[in-house]
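Trainee: Quick one: the structure is below, and I'll ask about it shortly.
There are 2 protein chains.
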Amino acid sequence: MDFNSKYGKCPIYYTISKIQGKWKWVILYKLYKSKMIRYNRLWNDLKPIAHRTLSKQLKELEADGLVHREQYNEVPPRVEYSLTEDGKTLAPILELMSDWGAKHIDSDTEN
Amino acid sequence: MDFNSKYGKCPIYYTISKIQGKWKWVILYKLYKSKMIRYNRLWNDLKPIAHRTLSKQLKELEADGLVHREQYNEVPPRVEYSLTEDGKTLAPILELMSDWGAKHIDSDTEN
DNA sequence: CTCAATACTTACAAAAAGTTTAGTATATAA
DNA sequence: TTATATACTAAACTTTTTGTAAGTATTGAG
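Chains as they are written, first to last, in our numbering: chain A, 8 to 118; chain B, 8 to 118.
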């Protein structure tokens, strides 16, 4: 992350640099709502996201301790994603962001 | 914005595509906290942001109806930025994001 | 006549982010 | 033997975003 001491004063900058990427908030929201979700399911919900993008962002979220990845060595393979305890602390923000979007899609559509 | 009907189902995607950019949330937060702020002051607070970046993001926020720009034709010129009524509806999200960041900077620093 | 102050804009360059296409591994089913 | 399913990864490429450096406009002060 490009977070340096200069921004020690700015917690919100910390938050957004930690969760940056066209899809990260959506991914977190989906995980929050589903409790747990398999890779292909997530990909289907988020299409047209590219596999590379999805798996990269998941990996980053995992590295940041927000998402948990559980792999089952079956055939065909199964991988389940869910929020960590830390990830769950984002829930109120996710809810508000979703609500805000919902209201504004409406008013944008009123034209 | 690249928001299309495909995402009609996903309000949170709408929100993040509307407020995208490395600095937008921080800018909004500064405006929220200061009520109003002049260009150079904002630039100083956000350094090392580039002028180009700052003025572009301000312009986009203005176009999206979240930020208000008031220009006084004095010499030297004076321009003041503030949140619109619509922009103010983001306040709860800004607060939560800032809180979340504050908590996590701490726990990241505990190592 | 030149400088200073504020709030930018412009052209160009670099970096970051995302996409496209193709391919991997494994084992069961047809 | 070939196809199928899942969960990816790799390389090359395009797009988007951000940064750098310089320049613009105004007018009052020295």
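Cβ coordinates follow ideal geometry from the N, Cα and C atoms, glycine included. Quick caveat: nothing in here was measured; it's all calculated off a predicted structure.
1. Extract the residue ranges of the beta strand (DSSP E) inside the region 27-92 of chain A, only unbroken runs of 3 or more that lie entirely within it.
2. Using a beta-carbon distance below 8 angstroms, is A:Thr60 in contact with chain B?
3. Can you list, in chain order, the residues of its chain whose CB lies under 6 angstroms from that of A:Tyr36, leaving out five sequence neighbours each side?
4. So which residues on chain B does A:Ser105 lean against when the C-beta distance must stay under 7 angstroms?
5. Quick check on B:Lys25: buried or exposed, where buried means 16 or more other Cβ atoms within 10 Å of its Cβ?
6. Less than 8 angstroms between the beta carbons of B:Tyr91 and B:Val74, yes or no?
7. For B:Thr96, does the three-state DSSP call read helix, strand or coil?
8. Do three or more CB pairs link the region 63-72 of chain B to the region 27-36 of chain B at distances below 8 angstroms?
9. What number of angstroms, rounded off, separates the C-alpha of A:His58 from the C-alpha of A:Trp50?
10. Near B:Met104, what residues of its chain come up, given a Cβ to Cβ distance below 7 angstroms and the 5 sequence neighbours on each side ignored?
11. Below 8 angstroms on the Cβ atoms is my guess for A:Val86 versus A:Tyr39; work out the distance and round it to an integer in Å.
12. Hey, does A:Trp32 have any beta-carbon neighbour from chain B nearer than 8 angstroms?
13. Roughly how many angstroms lie between the CA atoms of B:Asp52 and B:Trp30, to the nearest whole one?
14. Are the CB atoms of B:Gly108 and A:Pro18 within a distance shorter than 8 angstroms?
15. Given this structure, state the Cα-to-Cα distance separating A:Asp106 from B:Ala98, to the nearest angstrom.
16. I want to see whether chain B comes within less than 8 angstroms of A:Asn118, judged by CB atoms only; does it?
17. So, for A:Tyr42: in the same chain, excluding its five sequence neighbours on each side, which residues have a beta-carbon less than 7 angstroms away from its beta-carbon?
18. Looking at chain A, is there any beta carbon in it that lies within less than 8 angstroms of the beta carbon of B:Gly108?
19. Heavy atom of the ligand MN less than 7 angstroms from the Cβ of B:Gln78, yes or no?
Mentor: In terms of the structure at hand:
1. Runs of the beta strand (DSSP E) lying entirely within the region 27-92 of chain A and spanning at least 3 residues, in chain order: 43-45, 74-79, 85-90.
2. By 1-based counting over the first sequence, the position of residue 60 of chain A is 53. Taking Cβ atoms only, chain B never reaches closer than 8 angstroms to A:Thr60, which makes this a no.
3. In the first sequence, residue 36 of chain A corresponds to position 29, counting from 1. Closer than 6 angstroms at the Cβ level, and outside the excluded window around A:Tyr36, lie Leu101.
4. On the first sequence, position 98 is the one that residue 105 of chain A refers to. The answer, in chain order, is Pro18, Ile19.
5. As a first step, residue 25 of chain B is located in the second sequence; it is residue number 18 there, counting from the start. Counting every other CB atom within 10 Å of its CB across the protein chains shown gives B:Lys25 a total of 16 or more, marking it as buried.
6. Mapped onto the second sequence, residue 91 of chain B falls at position 84. Mapped onto the second sequence, residue 74 of chain B falls at position 67. The amino acid at residue 91 of chain B is misidentified as Tyr; the sequence shows Thr. Yes. Within cutoff.
7. Locating residue 96 of chain B in the second sequence gives position 89, counting from the first residue. In this structure, DSSP gives B:Thr96 a state outside helix and strand, which the three-state scheme calls coil.
8. Using a C-beta cut-off of 8 angstroms, the region 63-72 of chain B makes contact with the region 27-36 of chain B, since at least three inter-stretch Cβ pairs fall below that distance.
9. Numbered from 1 along the first sequence, position 51 holds the residue referred to as residue 58 of chain A. Numbered from 1 along the first sequence, position 43 holds the residue referred to as residue 50 of chain A. Their backbone Cα atoms lie some 7 angstroms apart in a straight line.
10. On the second sequence, residue 104 of chain B is found 97 positions in, with the first residue counted as 1. These residues qualify, in order along the chain: Trp32.
11. Within the first sequence, the letter at position 79 stands for residue 86 of chain A. Within the first sequence, the letter at position 32 stands for residue 39 of chain A. That pair is no contact at about 18 angstroms.
12. Residue 32 of chain A sits at position 25 when you count from the first residue of the first sequence. Judged by the 8 angstroms Cβ criterion, A:Trp32 is in contact with chain B.
13. Translated into positions along the second sequence, residue 52 of chain B becomes position 45. Translated into positions along the second sequence, residue 30 of chain B becomes position 23. If I take the Cα positions, the gap works out to 12 angstroms.
14. Residue 18 of chain A sits at position 11 when you count from the first residue of the first sequence. Residue 108 of chain B sits at position 101 when you count from the first residue of the second sequence. Yes.
15. Here residue 106 of chain A corresponds to residue number 99 of the first sequence, with the count starting at 1. Here residue 98 of chain B corresponds to residue number 91 of the second sequence, with the count starting at 1. Distance between the alpha carbons of A:Asp106 and B:Ala98: 13 angstroms.
16. Looking up residue 118 of chain A in the first sequence gives position 111. Confidence at A:Asn118 is low in this model, with a pLDDT of 45, below 50, so its placement is unreliable and the value that follows should be read with caution. Output row for A:Asn118: interface = no.
17. What you label residue 42 of chain A is simply residue 35 of the first sequence in a count that begins at 1. Here the sequence assigns Lys to residue 42 of chain A, which means Tyr is not the residue at that position. Counting only residues of its own chain and dropping the five nearest sequence neighbours on each side, A:Lys42 has a CB closer than 7 angstroms to the CB of Ser89.
18. By 1-based counting over the second sequence, the position of residue 108 of chain B is 101. The Cβ of B:Gly108 sits closer than 8 angstroms to at least one Cβ of chain A.
19. The model depicted lacks the ligand MN and carries no ligand whatsoever.
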